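Colleague: Chains as they are written, first to last, in the numbering used here: chain D, 1 to 301; chain W, 1001 to 1374.
I have a structure here, written as structure tokens, and I will follow up with some questions on it.
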Amino acid sequence: MNTHHLQERRGRRLGITYSAPMGLWLTVFFLVPLGIIILYSFLKKGLYGGVEWEFTLSAYQQMFNPNFMRVLFRTLWVATLATCFTILLALPCGYAMARSRNQVLWLALVIVPFWTNSLIRIYAWIAILSSEGFVNEALKAIGLISESLPLIYNQGAVITVLIYMYIPFAILPLFTTIDKFDFQLLEAARDLGATKAESIVKVLLPNIRSGIITALIFTFIPIFGAYTVPLLVGGKDSYLIGNIIVDQVTKTRNWPLASAFSLVLTVLSTIGVIWMMTSNASEKARQKSVVQVADTNGGLS
Amino acid sequence: MKGFDVTVKDVSRAYGSFKALDDVSIEIRKGEFFSLLGPSGCGKTTLLRIIAGFDTPDEGVVLLDGKNILPLPPDKRQVNTVFQSYALFPHLSVYENVAFPLRLKKVPATTLDAKVREYLHLVQLEAHMDKKPNMLSGGQRQRVAIARALINEPSVLLLDEPLSALDAKLRQNLLVELDHLHDQIGITFIYVTHDQSEALSVSDRIAVMNKGKVLQIGTPYEIYESPATDFVARFIGETNLFSAEVKECVPYEDYYMTTLDIPALGTTIKVTDYDNLSVGQHVSFTVRPEKLKITGDMPTKVGKDINLFKGIVEEPIYSGFQSKYYVSLENGTVIKVIQQHANYMDEGPDIDWKDQVYVSWSAEDGYIVEVVDR
Ligand SMILES: Nc1ncnc2c1ncn2[C@@H]1O[C@H](COP(=O)(O)OP(=O)(O)O)[C@@H](O)[C@H]1O
Ligand SMILES: [Mg+2]
């Protein structure tokens, strides 16, 4: 009992040593900036940007403006939609990759686009979707349309490009968990009378839950705060929270309001992550609540 | 007898240029406990997967109760499988694993509960029904897999080496349980194993396979006593196997007394056989170690159908109920002899290392396995 405690304490002390670099990193790059944002959100806006050192709640009062609320709900809507489509597309991709014999090739194909600057990749989408873009020209060439379709500068374009930008973040965790999945379970399900679809829904999905949740977190959070994509391929109907923040910093020069919005973004994302992680952890805990029992009465009992 | 008969007809399956199954034909009867026996990699699992519907043969058909089932997907075949690794659903409890097939069929709650409990009772797992599979022992997992496979009331149960992951003692118990279960529910069992003693002890009939081919189909008795090929003779039990040439073949009572020249023994021996072989034919000859008699002194009565050899005991292996001796004959060939210890031996075995011994067997105890050229 005693030695156990000692070991535990030593383990904890070692844990602190090991986690020191991580702690330093978190402090410098996360806690300090977060502190500054929290502080700024309670200060008065400076005339030409910056802040004046005077406490006020005015940034938060300004936030409850119906226009801003509309943007907040729109952002939730766009982010939810884009995340759902991303996961729905990433699932079959991850599955196909996990079952493929060329896993390395597929992984490379998913990762390589990251080597190109994201702005350039968004501009490529402008070339694809614009009224004289590839899609419209191709449709005109085969005579399906005579007038260009409005494919860009709207919510549809924003969601499409967001899916494209973030699908690798969903594919990678899904691939990793599906790769560890025992595919014989699907055969067992079929053997017991499940159709293909039933075997996927009742056996595959519950067993790759943790991968789905990781994929949800990895895609929803960056999409929720996205601003370049709506800025470059969006229109009036796709002005999101990220754009508010950027505009408040660069155009309106209302730094406290920008800080307040950032804080809302952070808090909402954090709540989402905690909710998803706890639901996953409790599920895991339920599964592992008892340690393996010894093989005492395996035979005739 | 419940259950269906299963006919596998001219089935071949190749992976690239490798023939995993080569023109396999087997007829399995209603309610039979039928074993597919062969070394690892001989195609047993491939054949089972074809019957279950997870693989399609390149040629041939599989008939279930006379109907070709190859066009049917796995979920539409009246066949269920106990997988080698059990393939229990890790996210479901024992109860839900067994209930899985019924939930798919949307069986009403009360019927479902009664039936799941009935099958859990059948495999004595009611006490563990709320546990997850990872909390069970190997033997318990295996029984969940069996209950889950049986609850759909299949006509044929396929078992792919269900005992291979368990330790030896547990294996014996579960084998007996499986046999009881088979008697109790009476459906056709197709049991895959690479363990000849498992197959011999429970099967009604056995198909011995090697390299994608079926070498022999028969009762355990037929396969042990009259192996069809060298491979079967060597794979089932232990044996002494020699190539030989027919020297003489004369009618003797209701069979033929054959004289074989065996180069490895440096002499001729006598063996009885039902076939009239012609002089000069090449054959394989086998005699099981337990049919040989080993004595320290020269046997007194040596009839004309007794084969007798003198040798030195090179290695005695005592294992309680029997001893095995490797006896080096005068020309250097080593022959295996097994002696049962039916009586208590206060003085220890009477034959020891480097003893000179006589090894003998009667012509009726040898067996001509296969004719190499016809
Ligand atoms: N999907 C596959 N692709 C290539 N070779 C395979 C495949 N499945 C089985 N084989 C080969 O076929 C042979 C028979 O396999 P299997 O039926 O599993 O043997 P057993 O169950 O008798 O041990 C093995 O040599 C194996 O390597
Ligand atoms: Mg196998």
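Cβ atoms here follow ideal geometry from the backbone N, Cα and C, with glycine treated the same way.
For clarity, every value in this text was computed on a predicted model and none was experimentally measured.
For Q292 (chain D) and K1169 (chain W), I'd like the C-alpha separation in whole angstroms.
Modeller: The predicted position of Q292 (chain D) is uncertain, since its pLDDT is 36 and thus under 50; no value can be drawn from it.
Colleague: What do you reckon, is the C-beta of E1161 (chain W) under 7 angstroms from a heavy atom of ligand 2?
Modeller: Yes, Cβ of E1161 (chain W) sits closer than 7 angstroms to a heavy atom of ligand 2.
Colleague: Establish whether the CB of R70 (chain D) and some CB of chain W are separated by less than 8 angstroms.
Modeller: Cβ-Cβ to chain W under 8 angstroms: no for R70 (chain D).
Colleague: Check for me: the beta strand (DSSP E) holding Y48 (chain D) runs from which residue to which?
Modeller: Run containing Y48 (chain D): none; DSSP gives neither H nor E here.
Colleague: Quick one: does the C-beta of K1019 (chain W) sit closer than 7 angstroms to a heavy atom of ligand 2?
Modeller: No - ligand 2 has no heavy atom lying nearer than 7 angstroms to the Cβ of K1019 (chain W).
Colleague: What residue does the alpha helix (DSSP H) around F68 (chain D) start on, and which one ends it?
Modeller: Taken as a continuous stretch (DSSP letters only), the alpha helix (DSSP H) holding F68 (chain D) covers 66–99.
Colleague: Please look up how many angstroms separate the CB atoms of I241 (chain D) and T83 (chain D), rounded, as I've assumed it's under 8 angstroms.
Modeller: Incorrect: roughly 15 angstroms between the Cβ atoms, too far for contact.
Colleague: What residues from the stretch 180–191 of chain D come within 8 angstroms of chain W, judged by C-beta to C-beta, listed N to C?
Modeller: Taking 8 angstroms as the Cβ-Cβ cut-off against chain W, the residues of the stretch 180–191 of chain D that qualify are D182, Q184, L185, E187, A188, A189, R190, D191.
Colleague: Counting only beta-carbon atoms, is E54 (chain D) nearer than 8 angstroms to chain W?
Modeller: No, E54 (chain D) does not count as interfacial toward chain W.
Colleague: Select from W:S1328, W:I1338, W:L1329 the residue whose C-alpha is nearest the C-alpha of Q1322 (chain W).
Modeller: Here the closest residue by C-alpha is W:I1338.
Colleague: Is any heavy atom in ligand 1 found nearer than 7 angstroms to the beta carbon of T1081 (chain W)?
Modeller: Checking every heavy atom of ligand 1 against the Cβ of T1081 (chain W), none is found closer than 7 angstroms.
Colleague: My output table needs one value for I152 (chain D): the three-state DSSP class, helix, strand or coil.
Modeller: If DSSP states are grouped into helix, strand and coil, I152 (chain D) belongs with coil.
Colleague: Check whether the Cβ atoms of S1155 (chain W) and L1036 (chain W) lie closer than 8 angstroms to each other.
Modeller: Their beta carbons are not under 8 angstroms apart, which means S1155 (chain W) does not touch L1036 (chain W) by this criterion.
Colleague: So the beta strand (DSSP E) N1240 (chain W) belongs to, where does it begin and stop?
Modeller: Element bounds for N1240 (chain W): 1240–1252.
Colleague: Please name the residue in W:D1167, W:E1118, W:K1106, W:W1361 whose C-alpha comes closest to that of I1269 (chain W).
Modeller: Among W:D1167, W:E1118, W:K1106, W:W1361, the Cα nearest to that of I1269 (chain W) is on W:W1361.
Colleague: Can you pull the chain D residues whose beta carbon is under 8 angstroms from the beta carbon of K1105 (chain W), in chain order?
Modeller: What K1105 (chain W) touches in chain D: G193.
Colleague: Give the single residue among W:H1194, W:Y1191, W:G1139 whose Cα lies nearest to the Cα of D1167 (chain W).
Modeller: When only C-alpha atoms are compared, the closest one is W:G1139.
Colleague: Smallest Cα separation from L1120 (chain W): which of W:M1298, W:E1225, W:D1005, W:S1093?
Modeller: Ranking the options by Cα distance to L1120 (chain W), first place goes to W:S1093.
Colleague: Taking the continuous beta strand (DSSP E) assigned at L1064 (chain W), which residues delimit it?
Modeller: Looking at the DSSP string, the run of the beta strand (DSSP E) that includes L1064 (chain W) is 1059–1064.
Colleague: Would you list the residues sitting across from V1337 (chain W) in a DSSP beta bridge?
Modeller: Its beta-bridge partners are W:Y1325.
Colleague: Since N117 (chain D) meets chain W, which of its residues come closer than 9 angstroms, beta carbon to beta carbon?
Modeller: By Cβ distance, chain W contributes nothing, its closest Cβ being about 42 angstroms from N117 (chain D), past 9 angstroms.
Colleague: Given 7 angstroms as the limit, tell me if S1040 (chain W) has its C-beta closer than that to any heavy atom belonging to ligand 1.
Modeller: Checking every heavy atom of ligand 1 against the Cβ of S1040 (chain W), one is found closer than 7 angstroms.
Colleague: Determine the extent of the beta strand (DSSP E) in which E1314 (chain W) is found, giving its start and end residues.
Modeller: Counting along the chain, the beta strand (DSSP E) containing E1314 (chain W) begins and ends at 1306–1318.
Colleague: Say yes only if the C-beta of K1044 (chain W) is nearer than 7 angstroms to one or more non-hydrogen atoms of ligand 2, and no if none qualify.
Modeller: Yes; taking the cut-off as 7 angstroms, the Cβ of K1044 (chain W) has a heavy atom of ligand 2 nearer than that.
Colleague: Following the continuous beta strand (DSSP E) through F1034 (chain W), name the residue where it begins and the one where it ends.
Modeller: 1033–1037 is the span of the beta strand (DSSP E), which, as asked, contains F1034 (chain W).
Colleague: Between the stretch 184–196 of chain D and the stretch 1071–1081 of chain W, do three or more beta carbon pairs fall short of 8 angstroms?
Modeller: These segments touch.
Colleague: Would you tell me roughly how many angstroms separate the C-alpha atoms of F261 (chain D) and T75 (chain D), rounded to the nearest one?
Modeller: Their backbone Cα atoms lie some 12 angstroms apart in a straight line.
Colleague: Name, please, each residue of chain W whose Cβ falls closer than 7 angstroms to the Cβ of V203 (chain D).
Modeller: Residues of chain W passing the Cβ test: F1089.
Colleague: Looking at C-alpha atoms only, which residue of W:E1248, W:K1009, W:Y1086, W:A1014 is the closest neighbour of V1024 (chain W)?
Modeller: Closest option to V1024 (chain W), Cα to Cα, is W:K1009.
Colleague: What in chain D is Cβ-close to R1013 (chain W), meaning under 7 angstroms?
Modeller: In chain order: nothing, as chain D lies at least about 17 angstroms away.
Colleague: Should L57 (chain D) go down as buried or exposed, given a rule of 16 or more other Cβ atoms within 10 Å for buried?
Modeller: With fewer than 16 other Cβ atoms within 10 Å, it is exposed.
Colleague: Got a sec? Which residues, its chain only, sit under 7 angstroms from T1046 (chain W) by beta carbon, not counting five neighbours each side?
Modeller: Correct list, in chain order: R1013, A1020, L1021, D1055.
Colleague: Thinking P1162 (chain W) and V1082 (chain W) are a contact (beta carbons under 8 angstroms), I'd like their distance in whole angstroms, please.
Modeller: Correct: roughly 5 angstroms between the Cβ atoms.
Colleague: Return yes when the C-beta of Q1084 (chain W) is under 7 angstroms from any heavy atom of ligand 2, and no when it is not.
Modeller: Yes.
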